[in-house]
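Note that the protein sequences, when read in sequence, are chains A and B. First residue of the first sequence: 1, per the numbering used here; consecutive thereafter. First residue of the second sequence: 347, per the numbering used here; consecutive thereafter.
Number of protein chains: 2
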Amino acid sequence: MPETRRFILFAEDRLGPLSSKTANGLIRYRPKEVLAVIDSTKAGKTVGTVLGYGGDIPILASVETGLKLKPDVMVIGIAPIGGGFSEAWRPAVNRALEAGLKVWSGLHYFLSTDPEFSSHSEQIWDLRKPPSGLKVAQGNWTRRKSKILLTIGSDSNIGKMTTALELQTQLAARGIETIFIGTGQTGIAIAERGVGVDAVVSDFVNGAVEAEIDKVDGQVPLILVEGQGAVTHPGYSGVTLGLIHGCMPDYFVLAHQPTRLVDDYNHPLPSLSFVRDLHETLVSPFKTARVLGVNMYSKGMTLDEIAPALAGLRRNLKLPAEDMVRQPTGAVADAVALTLKRDLRV
Amino acid sequence: MPETRRFILFAEDRLGPLSSKTANGLIRYRPKEVLAVIDSTKAGKTVGTVLGYGGDIPILASVETGLKLKPDVMVIGIAPIGGGFSEAWRPAVNRALEAGLKVWSGLHYFLSTDPEFSSHSEQIWDLRKPPSGLKVAQGNWTRRKSKILLTIGSDSNIGKMTTALELQTQLAARGIETIFIGTGQTGIAIAERGVGVDAVVSDFVNGAVEAEIDKVDGQVPLILVEGQGAVTHPGYSGVTLGLIHGCMPDYFVLAHQPTRLVDDYNHPLPSLSFVRDLHETLVSPFKTARVLGVNMYSKGMTLDEIAPALAGLRRNLKLPAEDMVRQPTGAVADAVALTLKRDLRV
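Spelled out as structure tokens, the structure:
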């Protein structure tokens with residue numbers, strides 16, 4: 001587990017369900033450590049009233065006000081399209097650095113190399129910056145002690161990080177310790193562990209993932225890896241397959257949104273059984289990897305529509321399926337726990 | 347077609363079948379433009395006696411001697427493991443730049459950013475350097491006018507570039523004009539066109555390939571794209587799938603070496619029918635892409651062994667198969683030409 005932090009989350013003018021993804025991830029998965037969110041346009045409200053979760057976490061007007069709460073990390077919680085840095089944020093970042101805070105940023109623009117911030121570079125963690133010394137994959141999966149579960153999706157941006165983190169909690173409740181490896185900026189911020197695979201030079205994607213797994217292999221029975229993109233996504237499929245073969249997973253859990261019918265290019269999404277079979281096939285030359293369950297993302301559905309949709313998925317795929325966020329049942333975690341216990345006994 | 351060049355190829359101490367891959371590619375595919383190879387350890391010999399092809403191209407002791415032939419480009423023809431620059435080559439590169447030559451390099455180390463060479467950066471082409479302004483794939487394949495053929499392999503380093511270039515010649519002999527797009531340093535040097543996909547940040551691989559195709563779409567009925575890696579190669583699969591979906595090919599031609607039984611990790615290679623089916627499946631959510639034939643790389647076989655091995659491939663896959671280098675028959679080009687004519691008539 002990462003050490004306990006005292007976070008303030010910088011989301012100026014952008015705190016919202018879609019516009020402050022990294023802030024929202026920390027609010028959901030490390031709520032006790034979030035002291036406040038900075039967004040002057042919503043100052044005085046609570047996070048709960050803006051996001052629907054996050055309860056009484058206050059929204060403050062400035063970094064200066066936030067400093068009174070004695071934070072130790074300020075996280076840039078917003079990710080504008082293109083991942084650039086807004087000059088309007090410069091005074092806030094400077095104030096946090098001067099006050100001795102660590103600053104974490106998931107932007108594509110690396111704050112640690114900004115001329116004005118670089119004298120504080122030891123306080124800055126650019127979450128997306130690839131580690132140095134990356135290598136091509138070495139084939140270490142054949143010697144692995146832990147089992148590996150990778151979350152995958154029928155499309156990008158469909159809940160693969162959420163699936164892995166919810167599974168982690170559910171498995172912990174069943175006495176199964178896991179380590180979560182982040183592969184995007186939000187997952188990395190939450191776990192303080194991982195590698196931003198989409199920013200890695202393509203030759204080294206498989207190897208970068210393998211190296212992250214190698215660091216913790218054997219420490220727990222099961223390592224959970226956050227998926228990225230989709231192997232059937234025409235824009236990001238390369239990242240996704242590099243991640244799959246870098247992991248060489250034993251298990252997949254599949255995130256799927258029944259109400260999403262087309263991809264980012266307005267092309268119909270493939271059938272879910274095709275997606276499941278393709279993932280198992282891609283790993284089959286090396287080992288057996290099975291999809292163990294489905295986490296349904298019920299965006300656009302009423303509560304009444306969830307149960308019939310899940311029944312349809314179960315019938316279609318012959319797999320446990322649940323909505324881990326709105327109606328968690330633990331069915332997928334049960335399947336994972338059962339399979340893990342059986343496989344580790346062999 | 348690229349303009350006519352007067353090349354000298356720098357391969358100091360390294361001219362050989364395996365150690366001077368980029369030089370060898372130019373010797374094979376642009377032989378009339380290669381004035382000389384520089385390798386002081388073999389000076390006085392001809393390229394033909396060292397490589398088995400390249401005929402009377404002389405091997406010279408120094409760049410100085412080569413300059414007398416009035417070259418206009420010096421190509422760094424060697425690629426040491428890791429792609430680094432050897433300080434021993436510095437005087438040669440300096441001499442070529444001072445003499446006004448262009449210098450092309452496929453090293454991972456970019457000569458154009460070397461402090462000593464950067465004042466000549468306009469003369470330098472770092473073949474592997476990703477173009478600026480890369481984007482994620484835009485989905486432009488749905489509007490393409492040309493058909494796309496991508497060469498693929500049952501493993502990496504198995505003749506995918508050779509397959510595409512031999513096909514180009516054979517199709518030209520059948521009256522079919524094509525454009526070849528390189529995706530590695532040697533293919534890019536030969537065609538003076540392409541993008542080194544393994545050096546591109548993973549998020550942009552699909553888009554980088556799409557952008558290269560967009561530049562020439564519609565100029566010829568068929569665009570040939572050099573494959574990289576293998577979709578079943580645990581180290582490079584991400585690069586390969588990015589390339590596949592960046593291309594959205596209509597046709598594949600598969601390079602295969604029957605005597606190669608294991609991959610770089612000593613793991614058994616999958617069956618060739620698995621490899622063929624997997625490629626067709628990966629594109630199937632978007633369009634129909636078919637493997638049209640096999641180019642057999644007969645390394646390790648005697649001439650007598652080629653025909654029975656090809657017969658085995660034909661029986662197994664129900665596809666035309668030939669050895670395009672040692673015993674070209676044109677069977678694969680015939681199949682491509684036939685399919686192309688049928689598809690374009692539709």
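For glycine and all other residues, C-beta sits at the position ideal for the given N, C-alpha and C.
So, is the C-beta of residue i closer than 7 Å to a C-beta in chain A?
i: asparagine 641 of chain B; result: no
i: leucine 406 of chain B; result: no
i: valine 555 of chain B; result: no
i: glycine 540 of chain B; result: no
i: valine 551 of chain B; result: yes
i: glycine 588 of chain B; result: yes
i: aspartate 544 of chain B; result: yes
i: glycine 573 of chain B; result: no
i: histidine 591 of chain B; result: yes
i: glycine 485 of chain B; result: yes
i: valine 637 of chain B; result: no
i: valine 621 of chain B; result: no
i: threonine 459 of chain B; result: no
i: threonine 350 of chain B; result: no
i: glycine 533 of chain B; result: no
i: glycine 584 of chain B; result: yes
Could you check where the alpha helix (DSSP H) with residue i kicks off and where it finishes?
i: lysine 341 of chain A; result: 331-345
i: aspartate 214 of chain A; result: 205-216
i: leucine 35 of chain A; result: First-last for leucine 35 of chain A: 34-38, but that is the beta strand (DSSP E), not the alpha helix (DSSP H).
i: tyrosine 375 of chain B; result: 367-375
i: phenylalanine 620 of chain B; result: 618-629
i: isoleucine 590 of chain B; result: 583-593
i: leucine 355 of chain B; result: Per DSSP, leucine 355 of chain B belongs to no alpha helix (DSSP H); it is in the beta strand (DSSP E), 353-356.
i: lysine 633 of chain B; result: Counting along the chain, lysine 633 of chain B falls outside any alpha helix (DSSP H), and DSSP gives it neither H nor E.
i: threonine 169 of chain A; result: 160-173
Helix, strand or coil for residue i per DSSP?
i: threonine 497 of chain B; result: strand
i: threonine 46 of chain A; result: strand
i: alanine 321 of chain A; result: strand
i: isoleucine 527 of chain B; result: strand
i: valine 348 of chain A; result: Given that chain A is displayed from residue 1 to residue 346, the structure contains no residue 348 of chain A and the question cannot be resolved.
i: aspartate 610 of chain B; result: coil
i: isoleucine 306 of chain A; result: helix
i: leucine 457 of chain B; result: helix
i: proline 58 of chain A; result: strand
i: glutamine 327 of chain A; result: strand
i: valine 93 of chain A; result: helix
i: glycine 658 of chain B; result: helix
i: valine 409 of chain B; result: helix
i: isoleucine 81 of chain A; result: coil
i: threonine 522 of chain B; result: Checking the sequence shown, residue 522 of chain B turns out to be isoleucine, not threonine. The answer is coil: DSSP assigns isoleucine 522 of chain B none of H, G, I, E or B.
Compare the C-beta of residue i against all C-beta atoms of chain E and say whether one is closer than 7 Å.
i: serine 451 of chain B; result: Considering every chain present, this structure includes no chain E. Its protein chains are A and B.
Please classify residue i: is it buried, with 16 or more other beta-carbons within 10 angstroms of its beta-carbon, or exposed?
i: glutamine 219 of chain A; result: exposed
i: methionine 1 of chain A; result: exposed
i: aspartate 650 of chain B; result: exposed
i: glutamate 8 of chain A; result: Checking the displayed sequence, the identity of residue 8 of chain A turns out to be isoleucine instead of glutamate. Classification of isoleucine 8 of chain A: buried, given that the 10 Å Cβ count is 16 or more.
i: glutamine 170 of chain A; result: buried
i: glutamine 469 of chain B; result: buried
i: isoleucine 427 of chain B; result: exposed
i: lysine 21 of chain A; result: buried
i: alanine 307 of chain A; result: exposed
i: glutamine 327 of chain A; result: exposed
Quick check on residue i - is its C-beta less than 7 Å from some C-beta in chain B?
i: alanine 88 of chain A; result: no
i: tyrosine 265 of chain A; result: yes
i: histidine 256 of chain A; result: no
i: proline 80 of chain A; result: no
i: glycine 235 of chain A; result: yes
i: glycine 44 of chain A; result: no
i: valine 201 of chain A; result: yes
i: threonine 232 of chain A; result: yes
i: valine 73 of chain A; result: no
So what does residue i bridge to, in DSSP terms?
i: alanine 601 of chain B; result: B:Gly499 and B:Asn641
i: lysine 448 of chain B; result: B:Val419
i: isoleucine 124 of chain A; result: A:Val103
i: glycine 540 of chain B; result: B:Gly528
i: leucine 15 of chain A; result: Bridge partners of leucine 15 of chain A: none, in fact.
i: valine 200 of chain A; result: None; valine 200 of chain A has no bridge partner.
i: valine 571 of chain B; result: B:Leu496 and B:Ile527
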